[in-house]
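Novice:
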Amino acid sequence: MGHVGGAVVPEWGAVYSAGMSTGRLHSLYAALAIVVVPAIGCADPSKVADDDTSTTGDGDTGDGDGDPGDGDGDPGDGDGDPGDGDGDPGDGDGDGDGDGDPPPAVCDPPLALYDTSQPTAVIGTGSPASCTAAALTAAAEAGGTITFDCGPDPVTITLDQTIVLPIDVDTIIDGEGRVTLDAGGQVRHFSFNHPDWMNNPTKIVLQRMTFINGAAQAGEYFPQDPQNPDCAYGYKEGSGGVIYVRNGVLHVIDSHFQDNAAALEGPDIAGGAIYVLGVPEVIISGSSFIDNRAANGGAIGMLFANPQIYNSVFEGNTALGVGQNYVEPGCPNFNHDEQGGAGGNSGAIVFDGLNDEDEVYTICGSVFRNNKANELGGALFRTPNAGQRQMLIDQCVFDGNTGRLGGVSFIKDNAVTVRGSTFMNNRSGVNVAGDELGGPLGGLWINNGTIDLENSTFYMNSPSGLDVDNGGTVTNATFVGSRVGGSFSVNNSLFVDTSCGDPMTGANNLQWPDQGACVTGISFADPQLDAIGDHGGATPTLLPAAGGAVEGVGVDCPAMDQRGEPRDPSSCAAGAVEP
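If you count by the working numbering, then the sequence shown holds residues -12 to 566, one letter each, in order.
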C-alpha cells in the first residue's frame, strides 16, 4: 500500500469493482512538457461523397510510433451475454459480472424512452424462430416504429447484410431489452445516407437493443509508401461498425454495443460502433460501449455534429491506427491534399469538425474505463478545425485510460467546463499493445483552449493530471500523485504529492508536502486523506480528515462539493469535498 498525506492509499494498478445505490452511480473502488500541435486542415464537408468516405480527426502531428495491437475483443463466455431478459437493456458485458452495464441515471437526459405501444411493424409471432433477419430487414427498410414478439426469453437475430434505412421516414427500433442483433463480424448492421448537408430532421432511434459483432466494409486498402512513410495510408472507407449515419438525427437509448469494428487503419476512419457525419443532433443515453475498435474512436466517431452523451459506459474500446491524422506538406491526395498518418486517436470517442456555435458538446454522468489509443487521447479526442467551441464534462469518471499522448484526452480549440468529475489512474506514453514509448500529458489535456473546472478530483494520473494551454480557472479541486501544468488560476484547491511547473496564480490553497509551491502563496499542511472510493455522490472521491488542515481554507465557495453535499459559501474546505 502507498501513503498520501499520511493516509493509506491503494497502489497503482489495483483492481476495481463498481457498485450502485440510491439511484446514482456509486463507484466502489477496492482499497487499492506541453506538446504544441500545429494548425490543422479539413475537407469541405459539402463535398464529401455520399458513401463511406469520411474526414475525421484532421490535423494533429505525430510520429506514429508504436504498432497497433491485434484488436481482439471477443465477447465473454456467455454467462452474462448482452440482453439477458431481466428487463434491463443489454445488461452484461459478456463476462457475467455486470461491470459493462450503464450506470443509473446521474444526469437528466433531454429525451425519454419513445412510446412504441402502437408499432408500425412487429417482428415475430411469439417464438424465437419467427423473429428473422428477413422480417426485420423488410420492416426497417420501410421505416416506422418496429417492435418484437419473439417470446419471453432473450433472442439473437443474425444479420448477413446491412439494413439500409429510409431517408424520409423516421425509424424507431425497440428491442425492450431482449433482442440482440449479431452481424457475425461480416457486415454493418445499419446505414442511413441523406443528401442534404446537416439539414435533415429524419430520425433514427435505437432503443433497448444490443448490437454485437458489427463490421464495416473497408473497401480498398492503400499501403504505406516506403519513400514517404509520413503520408496517409490505410482505408478510405469503413467507418461505423454498427451504424453509419450521414445527414440525419440519431437517438440511442438504453442500448448495448459490444465487439464491433470499423476498419483499423486510415486517417479518417472512425467509430467501431457508431459513425455520424453532418448530423444536426446526436443524443446517446443510458448505453454501454464495450470492446469496440476502429482506426480512430474505438466506440464512436463524429464529424460535424451536435452530440450529447448521458449516463453511459465506455470500457475497453481501442483506436488501433497509427500516425494520427495531420497536414503533411508534399503528400499526395488521400481523402484530401497533404494528409499524413493512419489514425490512432481516441480509444472511445473522436469528434472532429465544427458543431453549431451555440451548441455545447456535453458528456454527463458517464464512465470511461480502460480505453486505449495508439496516439492522442485514451478516451476523448476533440478538434473543431476552425474557431473555438464549447464542451462540458459533468459528473463523469475517467479511470485507467491510456494513450501515447493524453491518457484521458486531446481537446483542441475548446472552452472546456468540468464539474464534479474524477480523473484517476490514466496514463500516457504507451500504445494499445502496452509498449512503453514515453510521453507527457497523462490526464486531461486541453490544447489551445481554456478550462473552467470546479469540484473535481485528479488521482494518480501519470505523468500528469491536468495540462491547459490558454488559461482559465480551477476551483475546489483535489490533485493527488501527478503533475499539474498550464496557465490558469487556482483557488480553494488541494495538492498532495503533486508537482507543478512554474507556480500558478490564485489564493486559499493547501499543499503537502512542500516540494515546490504549486500556487503562489500556498500554505503547507497534511490533509490526512482517506483512500479514494465511495464517499457518497456520483463519483469516487478522497475524503479529508474532519477537523483537519483543509477546513476553513477556502472562501467564495461553490454551494455544494463534488458529492453534492452542501458547503458554507463563505468558508469551505480546500479541495473537491468537505470532510
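Note that CB positions come from ideal geometry on N, CA and C, so glycine has one too.
1. What are the boundary residues of the beta strand (DSSP E) that includes Ala402?
2. Alpha helix (DSSP H) containing Leu123: first to last residue?
3. Is the beta carbon of Val166 sitting closer than 8 Å to the one on Gln148?
4. Going straight from the alpha carbon of Ser415 to that of Ser274, what length do you get?
5. In its own chain, which residues sit with a C-beta less than 7 Å from the C-beta of Arg280, not counting the 5 before and 5 after it?
6. Is Ala335 helix, strand or coil by DSSP?
7. Going by the beta-carbon positions, is the gap between Pro570 and Glu128 smaller than 8 Å?
8. Measure from the alpha carbon of Glu325 to the alpha carbon of each residue in Gly390, Cys218, Leu290, Asn448, then state which is nearest.
9. Between Ser8 and the rest of its own chain, which residues show a CB-CB distance below 8 Å, the 5 nearest in sequence each way excluded?
10. Are the Cβ atoms of Phe321 and Pro254 separated by less than 8 Å?
11. List the DSSP bridge partners of Pro294.
12. Which whole-angstrom value describes the C-beta separation of Val417 and Thr389, a residue pair presumed to lie in contact below a C-beta threshold of 8 Å?
13. Locate the beta strand (DSSP E) running through Ser443, then write down its first and last residues.
14. Since His243 is in the beta strand (DSSP E), which residue starts that stretch and which ends it?
15. Go ahead and label Tyr220 buried or exposed: buried means 16 or more other beta carbons lie within 10 angstroms of its beta carbon, across all protein chains shown.
16. So the candidates are Phe385, Asn457, Phe301, Gln245; which of them puts its Cα closest to the Cα of Ser396?
17. Could you have a look at Pro527 and say whether DSSP puts it in helix, strand or coil?
18. Nearest by alpha-carbon distance to Leu146: which of Gly130, Cys383, Ala122, Asp278 is it?
19. Please state whether the Cβ-Cβ distance between Thr197 and His243 is less than 8 Å.
20. Let me know the secondary structure DSSP gives Ala116 once reduced to three states.
21. Quick check on DSSP: helix, strand or coil for His238?
22. Among Tyr222, Phe301, Ile296, which one has its Cα closest to the Cα of Ala286?
23. What ranges does the beta strand (DSSP E) occupy inside the stretch 168 to 220, keeping only unbroken runs of at least 3 residues that lie completely in it?
24. When DSSP labels each residue in this structure, what does Gln498 get in the three-state scheme?
25. Would a C-beta distance cut-off of 8 Å place Val477 and Pro514 closer than the cut-off?
26. Suppose contacts are defined by Cβ-Cβ distances below 8 Å. Is Gly340 in contact with Gly328 by that definition?
27. State the start and end residues of the unbroken beta strand (DSSP E) segment that holds Met378.
28. Can you pull the DSSP bridge partners for Ala99?
29. What separation, rounded to the nearest whole angstrom, lies between the Cα atoms of Ala494 and Leu363?
30. Looking at C-alpha atoms only, which residue of Ala560, Glu207, Asn434, Gly227 is the closest neighbour of Asn496?
31. Applying the criterion that 16 or more other CB atoms from any shown protein chain within 10 Å of the CB defines a buried residue, is Ala170 buried or exposed?
32. Report the option in Ile438, Lys223, Asp381 whose CA atom is closest to the CA atom of Gln295.
33. Taking Ala108 as the reference, give the member of Gln194, Val461, Gly130, Ala282 with the closest Cα.
34. According to the neighbour-count rule (16 or more other Cβ atoms, all chains shown, within 10 Å of its Cβ), is Tyr567 buried or exposed?
35. Helix, strand or coil for Val24 per DSSP?
36. State the Cα-Cα distance for the pair Phe291 and Ala205, rounded to the nearest angstrom.
Specialist: By the coordinates alone:
1. 401 to 406
2. 120 to 129
3. no
4. 27 Å
5. Gly58, Gly60, Ala248, Leu251, Gly259, Asn304, Thr305, Leu307
6. coil
7. Here the chain has residues from -12 to 566 only, and residue 570 is not among them.
8. Cys218
9. Interpretation of Ser8 is limited by its pLDDT of 26, a score under 50 that renders its predicted location unreliable; the figure taken from the coordinates is listed afterwards. If we look at Ser8 and ignore the five residues flanking it on each side, it has no Cβ neighbours.
10. yes
11. BP columns for Pro294 point to Val269.
12. 5 Å
13. Residues 437 to 446.
14. 243 to 245
15. buried
16. Phe385
17. coil
18. Ala122
19. yes
20. helix
21. strand
22. Phe301
23. Here the runs fully enclosed are 177 to 180, 190 to 199.
24. strand
25. Cβ distance not < 8 Å, so Val477 and Pro514 don't count as in contact.
26. no
27. Its beta strand (DSSP E) spans residues 376 to 381.
28. Answer is none; Ala99 lacks a bridge partner.
29. 33 Å
30. Ala560
31. buried
32. Asp381
33. Gly130
34. Absent from the structure is residue 567, since the part of the chain shown begins at -12 and ends at 566.
35. Its pLDDT being 31, under 50, Val24 is placed unreliably in this model, and the coordinates cannot settle the point.
36. 22 Å
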